[in-house]
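Note sheet for the following structure.
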Amino acid sequence: MSATTFTNNDNLGAASSKETTSQSNYLFQQLGEGYHATVYLSIAKQTADRILTDHAAGPASRDNRAKTLAKLRENTQALKICRDRLVRGEQMNTIHNEASILGALSKHPHPNVVRLIEADDAGSKKVWYTMPLSSTSTLQQVLNTPWTTGTYKPPAAFGWHICLQMAKAFLYLHHGVLEDGTTVPDWPLVAHRDPVDRNSLFMPWTKDAGGDKCEYPTLIIADFDRAQQLLPAGHPQAGRYEILQAQRKDLDALSFTAECVARRIDEEALMRWSTALANVSQPEAGAIRNEHAFNMLNRFVKAAEKRRETLYQPLPSEFRALFGRSEVTDEELETAFPILK
69 MSATTFTNND
79 NLGAASSKET
89 TSQSNYLFQQ
99 LGEGYHATVY
109 LSIAKQTADR
119 ILTDHAAGPA
129 SRDNRAKTLA
139 KLRENTQALK
149 ICRDRLVRGE
159 QMNTIHNEAS
169 ILGALSKHPH
179 PNVVRLIEAD
189 DAGSKKVWYT
199 MPLSSTSTLQ
209 QVLNTPWTTG
219 TYKPPAAFGW
229 HICLQMAKAF
239 LYLHHGVLED
249 GTTVPDWPLV
259 AHRDPVDRNS
269 LFMPWTKDAG
279 GDKCEYPTLI
289 IADFDRAQQL
299 LPAGHPQAGR
309 YEILQAQRKD
319 LDALSFTAEC
329 VARRIDEEAL
339 MRWSTALANV
349 SQPEAGAIRN
359 EHAFNMLNRF
369 VKAAEKRRET
379 LYQPLPSEFR
389 ALFGRSEVTD
399 EELETAFPIL
409 K
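In structure tokens:
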């Protein structure tokens, strides 16, 4: 398995993006593919080379090899790259737009929004970026899994958890509210514009170090290729009111998710919140922000936090299996790094 990334994306016409000579990442298995981009499991080349240098300096033993394989796995990440057929066209702007917005958000990261690790810094347009490796299931897949009775049925608190974390993501994107409740001054308005369930991921499930209590997996909003960010005053492409209207439509996705979850966990209170979120008014002309939406999200977050705490039960082990993560195999690592054979 070879390693490639995209050190001179202005010359991508001469070779595919994956085959272009790279100094940045080792690519392994493909994790997913959409219209605009492909996602691979990867390891940053600088990190992998450092680990392999340490390996070479150590003893030629099974224990040293096992430790090296473990360190490499610990440092895997997801790499999203513009598909080859789009690199010369306008659609390449989607990855550039996504990486640029995530770069701006990285100054004040939030646990419920995908985090940018590194982005292509060569050429006039970004064509790839890396992010933490999420679990193997999207929200769409979780919702399509039968929430049956018995040991496989997740607790009602988990349904509230999903909606709570999506609401926190929108409070952050729309209003700059961080996880600790503080607000970032002069926050740039952001609208996701495509927060459907297939674009919502989960971080891998882990058990906390304190004992048997099960921590629910963290939901993250990803795929910002259609997102908009408020541009400087006078810019012709994105005015404040346009962004506010797009933010209002983001709430329709939260309302829809709340409705889907409410039906699965039989929670009338969550169904009422779904209706309330769907009825948030449009922003007023000339508004700095949509106050009605801001207040509604804040009230919903408080209500959802209380319901999650009241109804809390651990996730059944059968349901936790949905939140594993992709792993690079020994064979893949040995092929990429012959020193490990």
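Residue 302 in our numbering is what sits at position 234 of the sequence shown, and the numbering runs on without skipping anything.
The beta carbon of each residue, even a glycine, is placed where N, CA and C say it ideally should be.
Look at the alpha carbon of Glu400 and the alpha carbon of Phe96, and state the distance between them as a whole number of angstroms.
Start at 1 with the first residue of the sequence shown, and residue 400 comes out as number 332. Start at 1 with the first residue of the sequence shown, and residue 96 comes out as number 28. Each residue's alpha carbon lies about 7 Å from the other.
Whole angstroms are fine: how far does the CA of Tyr380 sit from the CA of Gly279?
Working through the sequence shown from its first residue, we reach residue 279 at position 211. Working through the sequence shown from its first residue, we reach residue 380 at position 312. For Gly279, the pLDDT reaches just 38, beneath the cut-off of 50, and the residue's location in the model is therefore unreliable, although a value from the coordinates is still provided. The straight-line gap from Cα to Cα measures roughly 16 Å.
Which of helix, strand or coil does DSSP assign to Asp96?
The sequence position of residue 96 within the sequence shown is 28, counting from 1. In the sequence under discussion, the amino acid at residue 96 is Phe, which differs from the Asp named in the question. Residue state, collapsed to three classes: strand.
Neighbour-count burial assignment, Asp293, 16 or more Cβ in a 10 Å radius
The count along the sequence shown starts at 1 and reaches residue 293 at position 225. With 16 or more Cβ atoms within 10 Å of its Cβ, Asp293 is classed as buried.
Short check: CB of His230 to CB of Leu287, under 7 Å?
Along the sequence shown, read from residue 1 onward, the residue named residue 230 stands at position 162. Along the sequence shown, read from residue 1 onward, the residue named residue 287 stands at position 219. Just to set this straight, residue 230 is Ile in the shown sequence, not His. Taking 7 Å as the Cβ cut-off, Ile230 and Leu287 qualify as a contacting pair.
Any idea what DSSP makes of Leu312, helix, strand or coil?
Taking the first residue of the sequence shown as position 1, residue 312 is located at position 244. Helix at Leu312.
Using the C-alpha atoms, what's the distance from Leu319 back to Ala361?
Against the sequence shown, residue 361 aligns to sequence position 293. Against the sequence shown, residue 319 aligns to sequence position 251. C-alpha separation (whole angstroms): 8 Å.
For the stretch 246-266 against the stretch 370-380, do three or more pairs of beta-carbon atoms, one drawn from each stretch, fall closer than 8 Å, so that the two count as touching?
no
Inter-residue Cα distance where the pair is Val107 and Glu310
Mapped onto the sequence shown, residue 107 falls at position 39. Mapped onto the sequence shown, residue 310 falls at position 242. In a straight line, the C-alpha of Val107 is about 30 Å away from that of Glu310.
May I have the straight-line CA-CA distance separating Leu345 from Glu166, to the nearest angstrom?
By one-based count along the sequence shown, residue 345 stands at place 277. By one-based count along the sequence shown, residue 166 stands at place 98. Roughly 27 Å separates the two Cα atoms.
Under the three-state reduction of DSSP, which class applies to Thr89: helix, strand or coil?
Stepping through the sequence shown from its first residue, residue 89 is reached at position 21. For Thr89, the predicted model reports a pLDDT of 35, less than 50, meaning its position is unreliable; a value from the coordinates is still stated below. Coil, per DSSP.
So which of Trp215, His242, Ala353 has the shortest CA-CA distance to Glu386?
Start at 1 with the first residue of the sequence shown, and residue 386 comes out as number 318. Out of Trp215, His242, Ala353, Trp215 has the C-alpha closest to the C-alpha of Glu386.
Three-way DSSP call (helix, strand, coil) for Arg112 in this model
Reading the sequence shown from its first residue, position 44 is the one you call residue 112. The amino acid at residue 112 is misidentified as Arg; the sequence shows Ala. Here Ala112 sits in strand by DSSP.
For the beta strand (DSSP E) that Trp273 lies in, which residues bound it at each end?
Your numbering for residue 273 matches position 205 in the sequence shown. It is not in any beta strand (DSSP E) - Trp273 carries neither H nor E in the DSSP assignment.
In whole angstroms, what separates the C-alpha of Gln114 from that of Tyr103?
Position 46 of the sequence shown, counted from the start, is the residue given in the question as residue 114. Position 35 of the sequence shown, counted from the start, is the residue given in the question as residue 103. Between Gln114 and Tyr103, the C-alpha separation is close to 30 Å.
Could you check the C-alpha separation between Phe226 and Glu395 for me, to the nearest Å?
Position 158 of the sequence shown holds residue 226. Position 327 of the sequence shown holds residue 395. So the alpha carbons of these two residues sit roughly 26 Å apart.
From Gly126 to Glu283, what distance separates their C-alpha atoms?
As a working mapping, residue 126 is identified with position 58 in the sequence shown. As a working mapping, residue 283 is identified with position 215 in the sequence shown. Distance between the alpha carbons of Gly126 and Glu283: 37 Å.
Out of Cys328, Ser349, Arg141, point me to the one whose CA is closest to Ile119's CA.
Against the sequence shown, residue 119 aligns to sequence position 51. That would be Arg141, whose Cα lies nearest to the Cα of Ile119.
Segment limits, alpha helix (DSSP H) that includes Lys139:
In the sequence shown, the residue the question calls residue 139 occupies position 71. Where Lys139 is concerned, the enclosing alpha helix (DSSP H) stretches over 130-142.
Cβ atoms of Ala372 and Leu269: under 7 Å apart, would you say?
What you label residue 269 is simply residue 201 of the sequence shown in a count that begins at 1. What you label residue 372 is simply residue 304 of the sequence shown in a count that begins at 1. Against a cut-off of 7 Å, the Cβ pair of Ala372 and Leu269 comes out as no contact.
Per DSSP, Val195 forms a beta bridge with which residues?
Counted from its first residue, the sequence shown places residue 195 at position 127. Val195 is not bridged to any residue.
Would you tell me roughly how many angstroms separate the C-alpha atoms of Tyr240 and Leu184, rounded to the nearest one?
Sequence index remark: in the sequence shown, residue 240 carries index 172 (1-based). Sequence index remark: in the sequence shown, residue 184 carries index 116 (1-based). Each residue's Cα considered, the two are about 16 Å apart.
List the endpoints of the continuous beta strand (DSSP E) containing Ile288.
In the sequence shown, counting from the first residue as 1, residue 288 sits at position 220. 287-289 is the span of the beta strand (DSSP E), which, as asked, contains Ile288.
Using the Cα positions of Ala411 and Thr403, report the straight-line distance between them to the nearest angstrom.
Because the chain is modelled from 69 through 409, residue 411 falls outside the range shown and cannot be assessed.
Between the Cα of Ile163 and those of Cys150, Asp248, Gly171, Val264, spot the shortest distance and give me the residue it belongs to.
As a working note, residue 163 is residue 95 in the sequence shown. Among Cys150, Asp248, Gly171, Val264, the Cα nearest to that of Ile163 is on Cys150.
Which of the three DSSP states, helix, strand or coil, is assigned to Ala187?
Taking the first residue of the sequence shown as 1, we reach residue 187 at position 119. In the structure shown, Ala187 sits in a strand (DSSP, three-state: E or B).
Would you check if the distance between the CB atom of Arg388 and the CB atom of Pro272 is smaller than 7 Å?
Counting from one through the sequence shown, the residue named residue 388 turns up at place 320. Counting from one through the sequence shown, the residue named residue 272 turns up at place 204. No, Cβ-Cβ distance for Arg388 and Pro272 is not below 7 Å.
Helix, strand or coil at Val245 [DSSP, three-state]
As a working note, residue 245 is residue 177 in the sequence shown. Reduced to three states, the DSSP call for Val245 is strand.
Using beta-carbon positions only, say whether Leu390 and Ser205 come within less than 7 Å of one another.
If you number the sequence shown from 1, residue 390 lands on position 322. If you number the sequence shown from 1, residue 205 lands on position 137. Yes, the pair counts as a contact, with Cβ atoms nearer than the cut-off.
Tell me whether Ile356 is buried or exposed, calling it buried when 16 or more other Cβ atoms sit within 10 Å of its Cβ.
For this step, residue 356 is matched to residue 288 along the sequence shown. With fewer than 16 other Cβ atoms within 10 Å, it is exposed.
Compute the Euclidean distance between the alpha carbons of Asp189 and Val210, then round it to the nearest angstrom.
By one-based count along the sequence shown, residue 189 stands at place 121. By one-based count along the sequence shown, residue 210 stands at place 142. Distance between the alpha carbons of Asp189 and Val210 is about 35 Å.
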